[in-house]
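In terms of the numbering used here, the sequence shown opens at residue -8 and continues consecutively. The beta carbon of each residue, even a glycine, is placed where N, CA and C say it ideally should be.
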Amino acid sequence: MFQNVRFRLLLFYLLVMEGILLLFGGSIYFSFFRHHSEEVDSKLMALAEVITPTFSKIYDQDYSSFNQLDHGELFDPETQSIEWFDHDKNLLWHQGSLEISSQPEPGLFNLPVQKHDVKVRSVTLSVTVNTSNNLEPYSQGYVRISQSLEELEKSINQLLLILSLSAIGSFGLAAVGGYFLTDTAVKPIEEAYLKQQQFTANASHELRGPLTAIKASIDIMRRHPERFEAKDKRKVGAIAKATDQMIRLVEDLLFLARTEKKTQNIILSISPLY
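This is the structure we're talking about:
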């Protein structure tokens, strides 16, 4: 019986610990992912603001203007690419190692790259100009800045590995600690229950003797009814009835105590076959 109580308490404790670990790990993961994603977007937008003014020069095939820009800290040709497109989305010039086949669309997107399984984060800005004849600006072309997410994915995978190992270790320690905690919590209750059971058995044994003596005395008195008056006979009958009820109650208590003790001994003696 108490083994079942221990198991339930341990299971509940482990479920609570698992929920806490999942909540804690999930919070760290999403905070890490959001922070680094925003950092990538900020770098792309900063580089786009630097590169966009070069569109007119690139459109006129003046590629030297790109080399004159101070973009050394912003642009990494190994993990980034810069593309200039005309109004019809035809590629004018390309810088960087990333090869993207999709057409430019204004905004921030995750795009696949050719010859790689890693996604890239891309920002595309539309370059607009105003004319004297038409106040409405029109698109002259597009500038697309792309960043490989390989490093970000590696960092996320490392974080997931660390969180998983930490969760497994913490769960194992929680299981061991929970086992001893539940045993410590249940043991006083078990001891009190065993003492109560022993007290019931002892009290039943102690009551059997006096009740048996009372019943024997009443039986003797009933064999000689001539010694008593009518009103005393009724009292003797009431005493006999009460004595029988007490004897049955004591027998039931003894039977209950013996049954629970045998059941507990059977549960404790069960061992796995393998």
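task = Over the uninterrupted beta strand (DSSP E) stretch that includes Gln86, give me the two end residues.
result = Position 95 of the sequence shown, counted from the first residue, corresponds to residue 86. Per DSSP, Gln86 belongs to the beta strand (DSSP E) from 82 to 87.
query = In or out: Arg112 buried (at least 16 other Cβ within 10 Å) or exposed?
reply = Numbered from its first residue, the sequence shown carries residue 112 at position 121. The residue in question, Arg112, is buried, as its Cβ has 16 or more Cβ neighbours within 10 Å.
key: From Asp32, Leu240, Lys145, residue whose alpha carbon lies closest to that of Ser137   = As a working note, residue 137 is residue 146 in the sequence shown. Ranking Asp32, Leu240, Lys145 by Cα distance to Ser137 puts Asp32 first.
query = So Leu0 and Ala176 are in contact, right, with Cβ under 8 Å, and what is the actual spacing, rounded?
reply = In the sequence shown, the residue the question calls residue 0 occupies position 9. In the sequence shown, the residue the question calls residue 176 occupies position 185. Going by Cβ atoms, the distance from Leu0 to Ala176 rounds to 7 Å, so yes, they are a contact pair.
ask   = When DSSP labels each residue in this structure, what does Ile91 get in the three-state scheme?
value = Here residue 91 corresponds to residue number 100 of the sequence shown, with the count starting at 1. Assigned with DSSP and collapsed to three states, Ile91 falls in coil, not helix or strand.
key: For Leu116, three-class secondary structure by DSSP   = Residue 116 sits at position 125 when you count from the first residue of the sequence shown. It is a strand residue.
key: Cut-off 6 Å between Cβ atoms - residues of its own chain near Arg(-3), not counting five sequence neighbours on either side   = As a working mapping, residue -3 is identified with position 6 in the sequence shown. So the list reads Thr173, Val177, once near-sequence residues are dropped.
key: Proximal residues to Gly16 (C-beta, below 7 Å), its chain only, five neighbours per side dropped   = Taking the first residue of the sequence shown as position 1, residue 16 is located at position 25. Excluding residues within five positions, the ones whose Cβ falls inside 7 Å are Leu154, Ala158.
inquiry  = Once the 5 residues before and after Met237 are set aside, which same chain residues still bring their CB inside 8 Å of it?
reply    = In the sequence shown, residue 237 corresponds to position 246, counting from 1. Cβ within range, chain order: Leu198, Leu202.
ask   = Are the beta-carbon atoms of Ser139 and Val109 separated by less than 8 Å?
value = By 1-based counting over the sequence shown, the position of residue 139 is 148. By 1-based counting over the sequence shown, the position of residue 109 is 118. For the pair Ser139 and Val109, the CB atoms are nearer than the 8 Å cut-off.
key: Anticipated Cβ contact below 8 Å, Thr70 with Gly98, distance rounded   = Residue mapping note: residue 70 aligns to position 79 of the sequence shown, counting from 1. Residue mapping note: residue 98 aligns to position 107 of the sequence shown, counting from 1. No, Thr70 and Gly98 are not in contact; Cβ-Cβ is about 21 Å, not under 8 Å.
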